[in-house]
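Here's the structure, in structure tokens; my notes come after.
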Amino acid sequence: MAEQLPVVVVGGGLSGCACALAMAGRGIPVILFEAGSVLGGRVQSVSLKGIEHPIDNCQHAAFRIYGRFLQLLATCDAREALKLQKQTKLPYLEVDNGNISIVKSGSLPPPYHLAMSLMKVNFLSLNDKIPLRKALKAFKQMDEQKRRSLDDMPFLEWLEQNGQTERTIRRFWDPLVKAALNIGCEEASTSAASFLFQRGIFGEKDAFDVASFTSDLSNSIAPALRRTLARTGVEVRTSMPVTELFREERKVTGVMTREGLTPASSVVLCTPISTTARLLTGKDAGTSSFEVADRLANLGNTALIGIHAFHEGPVLPDGIPFVTCCDEPLIQMLFDRTSELDGEHQMGLPGHWMTVPVSHADSYLDWDNEMIRTEYERVVQTAFPNAPIINDFHVVRAKRATTALRAGSQRNRPSPLDVGEGVILGGDWLDIDWPSTMEGATRAGLTAASIIIEQRGDSTIKEWHHDKSWPDWPDAPKRGAENWKEW
116 MAEQLPVVVV GGGLSGCACA LAMAGRGIPV ILFEAGSVLG GRVQSVSLKG
166 IEHPIDNCQH AAFRIYGRFL QLLATCDARE ALKLQKQTKL PYLEVDNGNI
216 SIVKSGSLPP PYHLAMSLMK VNFLSLNDKI PLRKALKAFK QMDEQKRRSL
266 DDMPFLEWLE QNGQTERTIR RFWDPLVKAA LNIGCEEAST SAASFLFQRG
316 IFGEKDAFDV ASFTSDLSNS IAPALRRTLA RTGVEVRTSM PVTELFREER
366 KVTGVMTREG LTPASSVVLC TPISTTARLL TGKDAGTSSF EVADRLANLG
416 NTALIGIHAF HEGPVLPDGI PFVTCCDEPL IQMLFDRTSE LDGEHQMGLP
466 GHWMTVPVSH ADSYLDWDNE MIRTEYERVV QTAFPNAPII NDFHVVRAKR
516 ATTALRAGSQ RNRPSPLDVG EGVILGGDWL DIDWPSTMEG ATRAGLTAAS
566 IIIEQRGDST IKEWHHDKSW PDWPDAPKRG AENWKEW
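In structure tokens:
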């Protein structure tokens, strides 16, 4: 009887949508509850005063290594939402002199495919570059057991032990760690940071090809998710927060909303840390629910700030769509968002759209907009003295944006079945190594779905691992793949 009831997925972000679509594709009835009015979770746009065009809450970038996320876009017929680099190119800006160096992939095999380029850049000295080889060799020799054993060590300590100079840490390692983990090297888990470099920038040659969104985030993703969920038979209820889990004899058998009880065969929680902890510790919750809630609370979150400046014309040089700003704690990167957009999506903006994603932004949350604007103008005017004037300026703050993968965080990341009691965990905080990104969220949702599908006796999904493609969806694109845009 229980299996005739639907599976309830709580949370309409990428993890929840991926989970629901994967189960529905195997004939499992699903009801998806989302507290907000739009699907996509943290990957969404906001409305800003005086601007008719939707604006991203913060700059989001994807990479070719995001295989499950790209599969999700493909199964939603949303390939046009992204364009991917034909070659990995990562520009670095020395703000004080305006020089731009580009790290790009070459002909050597990974992890050395960026080595020739790194040896030529100007933002590091020769003394900074020589020790890079030691770190690359350490990553190459580090197996999974060794990597995970380093979780309690701050990444800064590991870098210093492996001979990295202060400037290399400040200009090369730390910006990449902040952008991916939303935390600095001094706090980040060495296990989590090493995963980033082993699998990402020093992984396959095309792993770190940057993908940019061709329209604002909500229009890129949310409509495609909604259409595909409807096509596969998922019942979607937006603007419908789940208030509590319904328990009978300490087993979750449904969810409560303002409309009452919705019975369920299983409940999948694909919600942020605070919401998940609240639901787990509700009335009649068991010991395991409280234990997982405590672990999630110990993980915690870090903040993001999105800066949006609209100029009278382009700021960055032709052919440079973004830069990492050396030695700038607040203005960490500059993205030419207008150049990323397809022409039809550039209409309705008050100027040429430049964005700055401020990672690990907790210490800047209390800065007012004028203070942030002053810093932005200083960086832009120093690096590009002839930059066009600003027509409009906005700041978007997200206090609890991503999971904090500090040293020691690994033990606090739960597995999908750690709660039991009729609950499957599927948030991007799962212990699947991936950080709290679009890819981490998608993989977490698919991991939860695979467990329920396997529990129902579908042997074709037995022991599926998130490193494998989801078998029901189109493959992720390699370079030159048909129907995918490249730049």
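Count along the sequence shown from 1, add 115, and you get the number used in our numbering. All residues carry an ideal CB built from backbone N, CA and C; glycine is no exception. Note that the structure is a prediction, hence the values are computed from the model and not measured.
Judged by DSSP secondary structure, I217 falls within the beta strand (DSSP E) whose first and last residues are N214 to K219. Burial is judged here by how many other beta carbons sit within 10 angstroms of a residue's own beta carbon; R373 has fewer than 16 and is exposed. The continuous beta strand (DSSP E) containing N416 extends over residues N416 to H426. F270: not part of any beta strand (DSSP E); member of the alpha helix (DSSP H) spanning F270 to Q276, first to last residue. Counting the other Cβ atoms within 10 Å of the Cβ of I504 gives fewer than 16, which makes it exposed. Counting only runs of at least 4 residues, the region 449-508 fully encloses the following alpha helix (DSSP H) elements, listed from N- to C-terminal order: 452-455 and 484-498. When C-beta atoms of the region 152-164 are compared with those of the region 327-339, three or more pairs fall below 8 Å, so the two segments count as touching. Three or more Cβ pairs closer than 8 Å define a contact, and the region 510-520 meets that threshold against the region 416-435. Beta-bridge annotation (DSSP): Y207 is paired with S216 and T439. The beta carbon of Y181 is closer than 7 Å to those of M553 and E554 in its chain, skipping five residues each way along the sequence.
Boundaries for V367: no alpha helix (DSSP H) harbours it, while the beta strand (DSSP E) harbouring it runs K366 to T372, taken from the DSSP string. For P225, the closest C-alpha among the options I215, I143, L233 and G318 is that of G318.
About 14 Å separates the CB atoms of L344 and L188; that is not less than 8 Å, and the two are not in contact. For K593, the three-state secondary structure derived from DSSP is coil.
Shortest Cα-Cα distance from I166 to any of D442, G466 and D582 involves G466.
A distance below 6 Å between beta-carbons, with the five flanking residues on each side excluded, links G126 to the following residues of its chain, in chain order: C385 and T386. Assignment of V510 by DSSP, reduced to helix, strand and coil, places it in the strand class.
Contact annotation, N237 with S216: C-beta distance approximately 5 Å; criterion of less than 8 Å satisfied.
The way I'd put it, the region 558-576 doesn't touch the region 429-445; fewer than three beta-carbon pairs between them come closer than 8 Å.
Of the candidates E490, L414, V473 and I566, L414 places its Cα closest to the Cα of N527. If you compare the alpha carbons of G537, R352, D211 and A196 with that of R362, the shortest gap goes to G537. Counting of Cβ neighbours within 10 angstroms places L197 among the buried residues, the total reaching 16 or more.
Under the DSSP assignment, I143 falls outside any beta strand (DSSP E); it carries neither an H nor an E label.
Of the candidates E455, L445, S524 and A498, the residue whose Cα lies closest to the Cα of P472 is L445. Taking F323 as the centre and dropping the five residues before and after it, the same chain places the C-beta of F178, T203, G315 and I316 closer than 6 Å to its C-beta, in chain order. In its chain, beyond the 5 residues on either side, S304, T305, S306, A307, A522, G523, S524, Q525 and R526 have a beta carbon closer than 8 Å to the beta carbon of D266. Per the DSSP secondary-structure output, D171 pairs in a beta bridge with S160. Within the same chain, Cβ atoms closer than 6 Å to the Cβ of L311 are found at A295, the five residues on either side in sequence being excluded. Look at F328 here: in three-state DSSP terms it is strand. Excluding sequence positions up to five before and after V325, its CB lies within less than 7 Å of the CB of A176, F178 and Q200, all in the same chain and listed in chain order. Less than 9 Å divides the Cβ of T470 from the Cβ of L449. Taken through DSSP and simplified to helix, strand or coil, V153 comes out as coil. Secondary structure of L147 (DSSP, three-state): strand. Around the CB of K261, fewer than 16 other CB atoms lie within 10 Å, so the residue is classed as exposed.
Less than 9 Å divides the Cβ of V382 from the Cβ of V123. The straight-line gap separating the alpha-carbon atoms of P589 and A193 is approximately 12 Å.
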